[in-house]
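Counted the way this note's numbering counts, the sequence shown spans residues -18 to 199.
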Amino acid sequence: MFVYINDKKFEAKTGERLIDIARNNHAHIGYFCGGNGICQTCYVKVTEGMHLLSPLNDREKAMLSDSLIKEGIRVACLTTLDKLGTVKLLTTVEEVKKKLEEKPLELVPYQAKMGWESLIKFPETIVMQARRFSEGKLDAWQLVTDIAGAIAGAFELVGMAIQGTLDWKVKPKTFTREYADTSEHRSNGKKGQTAEGAHKTSPEIHESLKLQKHAPVN
-18 MFVYINDKKF
-8 EAKTGERLID
2 IARNNHAHIG
12 YFCGGNGICQ
22 TCYVKVTEGM
32 HLLSPLNDRE
42 KAMLSDSLIK
52 EGIRVACLTT
62 LDKLGTVKLL
72 TTVEEVKKKL
82 EEKPLELVPY
92 QAKMGWESLI
102 KFPETIVMQA
112 RRFSEGKLDA
122 WQLVTDIAGA
132 IAGAFELVGM
142 AIQGTLDWKV
152 KPKTFTREYA
162 DTSEHRSNGK
172 KGQTAEGAHK
182 TSPEIHESLK
192 LQKHAPVN
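Next up, the structure:
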């Protein structure tokens, strides 16, 4: 089956989490907590194929407000592909990026809305996470390890983005060093001749234009 993430097409298999599909294909998605359902940065908007995904679970319901659920928002690290078909997603981080580039005036109200929806669910989210810790369902060491991996993955994406903007085929200009020799060689009392009796003479150089011996000229 195929999953479209931010208008890019990727192959996927049933049972895979949405966040894993995005990360494996270097799609632009947030996952600071490493996919442990804590940071709320991996929200995605499902624009097609919602019926092909796993049903909303209690953890998602504790994190998503009714308004966000109606908009088709899902938590990518808590949602899996259940049935074959085509699914189309827009990650919230990509949505923010597009608004910043295309409609910057809409960014502030959008962020305010998302912040308010998170605030509404904050008490319920805290209770749910505390219960996970108390029941031993969230390993602290594993969480730290996953966060470290998420940060490393973020740096990898940044590096790929920077590399993509550079034209590596353009070779940098090379410069050669030239040296001005201001010494005056005289042979048999004649200027411009070397001690070995060179036949070519050099024009007289004005003192103000002379460089120090062995000074590099780029």
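Here a beta-carbon is modelled for each residue, glycine too, at the ideal position from N, C-alpha and C.
Our contact map puts residue i next to residue j with C-beta atoms below 8 Å; I'd like the distance itself, whole angstroms only.
| i | j | result |
| --- | --- | --- |
| G30 | G66 | 6 Å |
| K102 | L45 | 7 Å |
| T60 | L34 | 5 Å |
| I2 | V(-16) | 6 Å |
| I0 | A57 | 4 Å |
| T(-5) | K64 | 7 Å |
Kindly indicate which three-state DSSP category residue i falls into: helix, strand or coil?
| i | result |
| --- | --- |
| L45 | coil |
| Y12 | coil |
| E87 | helix |
| K118 | coil |
| L34 | strand |
| L62 | strand |
| E75 | helix |
| I54 | strand |
| T22 | coil |
| F28 | Residue identity check: residue 28 is Thr in the sequence provided, not Phe. T28 falls in the strand class under three-state DSSP. |
| N6 | coil |
Whole angstroms are fine: how far does the CA of residue j sit from the CA of residue i?
| i | j | result |
| --- | --- | --- |
| Y24 | T73 | 6 Å |
| E76 | R113 | 30 Å |
| M109 | R40 | 7 Å |
| E(-8) | K69 | 12 Å |
| P90 | K78 | 14 Å |
| L88 | L81 | 6 Å |
| L62 | W97 | 29 Å |
| N5 | E(-3) | 11 Å |
| N(-13) | L49 | 18 Å |
For residue i, write down the residues that DSSP places opposite it in a beta bridge.
| i | result |
| --- | --- |
| T67 | F(-17) |
| R112 | Partner(s): none; R112 has no beta bridge. |
| E(-8) | F(-17) |
| R40 | Answer is none; R40 lacks a bridge partner. |
| R(-2) | T61 |
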